[in-house]
Amino acid sequence: MLELTAVSLLNGVVYGLLLFMLTSGLTLIFSMMGVLNFAHASVFMLGAYFSFQFGRWIGFWPALVLAPLACGLIGAAIERYGLRHVHTKGHVAEILFTFGLAYLIEELVTMLWGRNAVASSVPESIDFPLFALFGTSFPAYKGLMMAISVTMFAFLFLALKRTRIGLIIQAALTHPQMAGALGHDVPGLFVLVFAVGSALAGLAGVIGGVMWLTQPTLAHFVGPIVFVVVVVGGLGSLSGALIASMFIGIVQTFAVAVDYSLLDLFRVLGIGVTRASPLYEFYAIKVATAAPIVPYLLLVLMLIVRPRGLLGTRDA
Amino acid sequence: MKTGSALAAPPATFTAAQGNGAGRYRAWLATAVVLSVLPHVPGLNTDFGHSLLSQMGIAAVFALSFNVLLGQTGLLSFGHAVYFGLGGYAAIHFMRAINHGLPVPIALVPLAGAAAGLLFGILFGSVTTRRSGTIFALISLGVGELVYAATFMLPGYFGGEEGITANRTRAPELFGLNFGSQLQVYYVIASWALVAAMLMHAFIRTPLGRMCNAIRDNPERAEFIGYNTQHVRFFAFAVAGLFAGLAGGLHAINYEIVAADSVSALRSGTVLLMAYIGGVTHFAGPVVGAITLTWLQISLSDYTAAWLLYLGLFFMAIILFAPSGLAGLIVMHAAVVRTKAFRRLLAAYAIALVPAAVMGTGAVLLIEMSYRLSTHPELGAKMRLLWIAMDTATPWPWIVAVVLLVAGFVAFRMTWRRVAAAWDRAGDEARGGRFGGGDGSAR
C-alpha cells in the first residue's frame, strides 16, 4: 500500500507539473488579454511535433530549445496577425477564432506528419533509471521533466514579480489603458505575453511528446483537462493554476491505480446489491475506469461549491 | 483589414422572416411547400437525395437549437451535442420498446428525444448556467467530455463504441407510414423540422425570448430592471436542450443507430460551425449553415481527404471577414441590390474572382500534395490533380503551387480594393434606408 502510494504520488506530481506548464501560459494569456486561447493545447502539440522533427535533424537537446522558440514565434504571429484584428469583434469572435485555429492546426499537423503517431522516443542520453523506489525505477527523463517545470515556475514567478517588465505586465493586467497612457507599449506586451505563453506550451510539448503519443489527437486529449485546471484554479491566478494542476494530476493518477468500485464499498457496509438491482452497472464502475472523468466531476463540483475557482478573485 | 470591417457591418435586425403576421404565415407556408416538393426535384428524387435531405433536416433543427443559445442568448456552448446525443439515446431505447410491443407509432419517437433533451438540459443547465461568457463555454466543454467518457463507462445503456440499434419498421403503422422507404423518413423528418423551426421562431417572440436577447446584449441592464439573468440563461438552456433532443430523436429514426459519436466533441464542434457559418444573427442563418455544411461534407469528402482543413479555412474566413455568416452576406447584398452601384460591385467581384481563383488553386495544390504524401505514402509520389498528372518527388509542382498562391494573394489584395470602394459607394447610396448601425456580432 505504501509502495503504491509513493509511486502514484511521484507520478501524480510529474503529471501535475506537466499540466501546470500548460496552464501557466494559458492563465497568463487569459489574465492579461481576457482571451481564452483554445489553440493553446494545439501549440503544445506543435511543440511535441517540432521536438520530434528537430530531434531527428539535430538531436534532442537543441530541439529542447528550438521547439519552444518556434512555438513562441507562432504564438506571436497568432496574436499580431490574427487575434488583434478579431479583438474588436468581441469575446465570442475571439474564442471562436482560437477554436477555429485549434481545428486548423490539427488538420495541418495531419497534413505534414500524417494521421498516425510519429515515433518520438525518449532520447538515449536521459533514458536510464534515476533511482529506484520500492523496486520501481524512476526514469531520468521524468526527473528532467520535473526539474524543467520547477525551474520554469521559479523563472516565471521571478520575472513577473522582480523585473521591470514583469511590473509593467502586472500593471497592464489590471489597468491596460492606464499603462498605455503612461507610455508603455501595451499591444507589444500582448504579443510578448502571447509568445511567452506559447513558448511555455511548446516546452511542455517537448516533454509531453515523450510521455504521450505524438499524434494529431494529442491536442484534443489534453486540451479539455487544461481548461478544467484553469477553471478550478481560478481564472487568471498562477498559484491557483499550480494548486489545481497538482491536485488533478495526483487525484487522477491515484484513481487509475484504485481497482475498487461502489460495489466493494457496499459489500463492506453490508448493503446487498445484486445484478438485478437498478443502477447495478453504475455501481460496478471501477474507480480506475472512471479516472478520465475525475477532472470534469471536479469541475462540476467546484462550480456548485465555489464558482470562481480556488484562488480566483473575479468573475469573468 | 479595412475591407473586412466594411464587409462586417450587417443590418441591424436580428430576426429574419419578420414583418407582419400575414407575411410570416406566407413564409412558413412557402417553406412547407418547398419541403414537400424538394424530394421530387430531379437530382434529389433518388434514395441518395432523400437521405441527403433527411440529414439536412436533422442538422437544421440541431443548428437552430444551438442558436437559441449562441444567437439569441449569447451563450457559446462547446458541448451542445450532449443533448442531441442523450435525446438520441432516449429515442433509440424508446424505439426498442416499440419493437418489443409498445403500441406507439414511430413518428412520435422524437418526442422521447425531446423529453430527454429537456430533462438533461434542466439537469446540466442548473449547474452550467451559473456562469456566462468564457467560463460558460469552458464548462459546457467539460460537461461534454464528461458525458462522452460516461458513454463508454456504462455500456449497458449506451452500447459503447458500437452503439444501440433499433428497427423503425417493426412498429404500429400510423396513416400507412411503415418507414420502408427513405422518402417516408424524409417526410417525417421534414414535418418535425418545420414544427420545431416554427416553435423556435415563436419562442424568440415570447417575453422570455425577448429577455434572452436582452441579457445577450446587456446583462447588467437586464439585472437592473429586475430580471435574474441566471434564470433566463437556465430557461434558454432548457429550451435549447429540448430541441437538440428532438434533433437527436430524428437522428435515431433516420439511422436506426445511436453511438457514442453522437455526444462527441466533434459533433458539438460541427453544430457550432454550422450555426456560425450560416450566421447566428439571423433566424434562418443556422439553417443555411446546416444545409451548406451537410452538402459540403457529403460532396467534398468524396473528392478529398483534406475536406476538414478546407472547412476550417472556410470557418476562419467567415470569422475574420463575415462575422454575420452566409445569411448576413445574403441580407447585406439584398440591401444594395437596387442601388446603381450594385453593377459596379458585381464588376469588381468579377475582377477579384480571377486572382482569388489563382490563389485558391495554389492552396489546393499544396494541401492535396502534402496530404497525399503524409496520409497515403504507400500510393507513391505520382498523382493526378485537377486532371493533370504530376510527380510530387520533383520540386516543380511545389514551386508552381507556391508561385500561384503568392501571386494570387498579392493580386487579390490589389483587386479587393476595388470591391471595397464599390461597397462604400453602394453603402452610401443605401444609407438613407436601413443600412449601417448594429455591430452584428452575437455577443
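Protein chains in written order, with the working numbering: chain A, 190 to 505; chain B, 31 to 473.
In this text, a Cβ means the ideal position worked out from N, Cα and C, and glycines have one as well.
Between the region 140-157 of chain B and the region 397-412 of chain A, do at least 3 Cβ pairs fall closer than 8 Å? Flag = no, the region 140-157 of chain B and the region 397-412 of chain A do not touch.
Which residues of chain B have a Cβ atom closer than 8 Å to the Cβ of S409/A, listed in chain order?
It is worth fixing the name first, because residue 409/A is His in this sequence and not Ser. Against chain B, a Cβ distance below 8 Å from H409/A picks out A295.
So, does the CB of R160/B fall closer than 8 Å to a CB anywhere in chain A?
-> Closer than 8 Å to some Cβ of chain A, the Cβ of R160/B qualifies, so yes.
Worksheet entry | First and last residue of the uninterrupted beta strand (DSSP E) at P328/A | Looking at the DSSP string, the run of the beta strand (DSSP E) that includes P328/A is T325 to P328.
Check: Using the C-alpha atoms, what's the distance from L303/B back to H281/B?
Finding: Pairing H281/B with L303/B, the inter-Cα distance amounts to about 19 Å.
- Check distances from the C-beta atoms of the region 204-222 of chain B to those of chain A and list, in chain order, the residues that come in under 8 Å. Listed in chain order, the positions of the region 204-222 of chain B with a beta carbon within less than 8 Å of a beta carbon of chain A would be empty, since no residue qualifies.
Practice task
Label T76/B either buried or exposed according to how many other C-beta atoms from any shown protein chain fall within 10 Å of its C-beta, with 16 as the threshold for buried.
Solution key: Per the 10 Å Cβ criterion, exposed.
3 or more residues per run - each beta strand (DSSP E) lying fully within the region 342-376 of chain A = Here no run is fully enclosed.
Q | Alpha-carbon spacing of P328/A relative to F320/A, whole angstroms | A | So the alpha carbons of these two residues sit roughly 7 Å apart.
*Proximity to T199/B [Cα-Cα], best of L356/B, A270/B, A142/B and R126/B*: It is R126/B whose Cα lies nearest to the Cα of T199/B.
Other residues of its chain near V447/A: CB distance less than 7 Å, five sequence neighbours each side excluded: Here V447/A has V476 and A477 as same chain residues with Cβ atoms under 7 Å from its own Cβ, once five neighbours each way along the sequence are excluded.
* With C-beta atoms as the reference, is F264/B less than 8 Å away from T159/B? -> Result yes, Cβ atoms of F264/B and T159/B sit closer than 8 Å.
Where does K278/A land, buried or exposed, given buried means 16+ other C-beta within 10 angstroms? The residue in question, K278/A, is buried, as its Cβ has 16 or more Cβ neighbours within 10 Å.
Presumed contact (8 Å Cβ cut-off) between L262/A and M341/A, rounded CB distance:
Under the criterion of beta carbons closer than 8 Å, L262/A and M341/A do not qualify as touching, at roughly 19 Å.
>> My output table needs one value for L198/A: the three-state DSSP class, helix, strand or coil.
In response: L198/A carries a helical assignment under DSSP once its states are collapsed to helix, strand and coil.
- [ ] Check whether the region 354-365 of chain B touches the region 385-400 of chain B, counting contact only when three or more Cβ pairs, one atom from each stretch, lie closer than 8 Å.
- [x] No: fewer than three Cβ pairs fall under 8 Å.
| query | Which first and last residues belong to the beta strand (DSSP E) in which A419/B is found? | reply | Run containing A419/B: I418 to D421, per the beta strand (DSSP E) assignment.
Check: Should L162/B go down as buried or exposed, given a rule of 16 or more other Cβ atoms within 10 Å for buried?
Finding: Note on identity: in this sequence residue 162/B is Ser, with Leu being the wrong assignment. A residue is called buried when at least 16 other Cβ atoms come within 10 angstroms of its Cβ; S162/B meets this threshold and is buried.
- Query: Bridge partners of A321/A, per DSSP?
  - Reply: Answer is S326/A, bridged to A321/A.
Can you find the residues in the same chain that come closer than 8 Å, C-beta to C-beta, to V317/B, ignoring five residues on each side of it along the sequence?
Counting only residues of its own chain and dropping the five nearest sequence neighbours on each side, V317/B has a CB closer than 8 Å to the CB of A90, A93, L94, A227 and G308.
Endpoints, alpha helix (DSSP H) assigned at P159/A
Outside the displayed span of chain A (190 to 505) sits residue 159/A, for which this structure offers no information.
Exercise for the section: Determine the burial state of W443/B: buried for a count of at least 16 other Cβ atoms within 10 Å of its Cβ, exposed for fewer. Expected result: This sequence places Arg at residue 443/B; Trp is not what is there. It is exposed - the Cβ of R443/B has fewer than 16 other Cβ atoms within 10 Å.
* To do: Could you round the C-beta distance between S387/A and F209/A to whole angstroms and report it? I think they count as a contact, below 8 Å.
  => By a beta-carbon distance limit of 8 Å, S387/A does not contact F209/A. Their separation comes to about 16 Å.
Reducing DSSP to helix, strand and coil, say where I460/A ends up.
The answer is coil: DSSP assigns I460/A none of H, G, I, E or B.
- What is the DSSP secondary structure of V311/A, reduced to helix, strand or coil? Coil at V311/A, not helix or strand.
Q) Taking L198/A as the reference, which of Q441/A, P481/A, G372/A and E283/A has the closest Cα? A) Checking every option, the nearest Cα to that of L198/A belongs to Q441/A.
| message | Is there a C-beta anywhere in chain B that falls below 8 Å from the one on G332/A? | response | No, its Cβ sits nowhere closer than 8 Å to a Cβ of chain B.
Item to complete: Could you confirm whether any beta carbon from chain A is found closer than 8 Å to the beta carbon of M413/B?
Response: No, M413/B does not count as interfacial toward chain A.
Within chain B, the residues that F471/A reaches when beta carbons sit closer than 8 Å
Within 8 Å Cβ-Cβ: L184.
Hey, out of I247/A, E268/A and G214/A, whose CA is closest to F233/A's CA? Comparing C-alpha distances from F233/A to each of I247/A, E268/A and G214/A shows the shortest one belongs to G214/A.
From the beta carbon of V318/B, is the nearest beta carbon of chain A less than 8 Å away?
-> Interface with chain A (8 Å Cβ-Cβ cutoff): V318/B is excluded.
- Query: Nearest chain A C-beta to E192/B closer than 8 Å, yes or no?
  - Reply: So, not an interface residue.
**Prompt:** Can you tell me whether I429/B is buried or exposed, with buried defined as 16 or more other CB within 10 angstroms of its CB?
**Reply:** With fewer than 16 other Cβ atoms within 10 Å, it is exposed.
### For T195/B, three-class secondary structure by DSSP
If DSSP states are grouped into helix, strand and coil, T195/B belongs with the strands.
>> Check this for me: beta carbons of A146/B and A120/B, under 8 Å apart or not?
In response: Yes, these two residues count as a Cβ contact at 8 Å.
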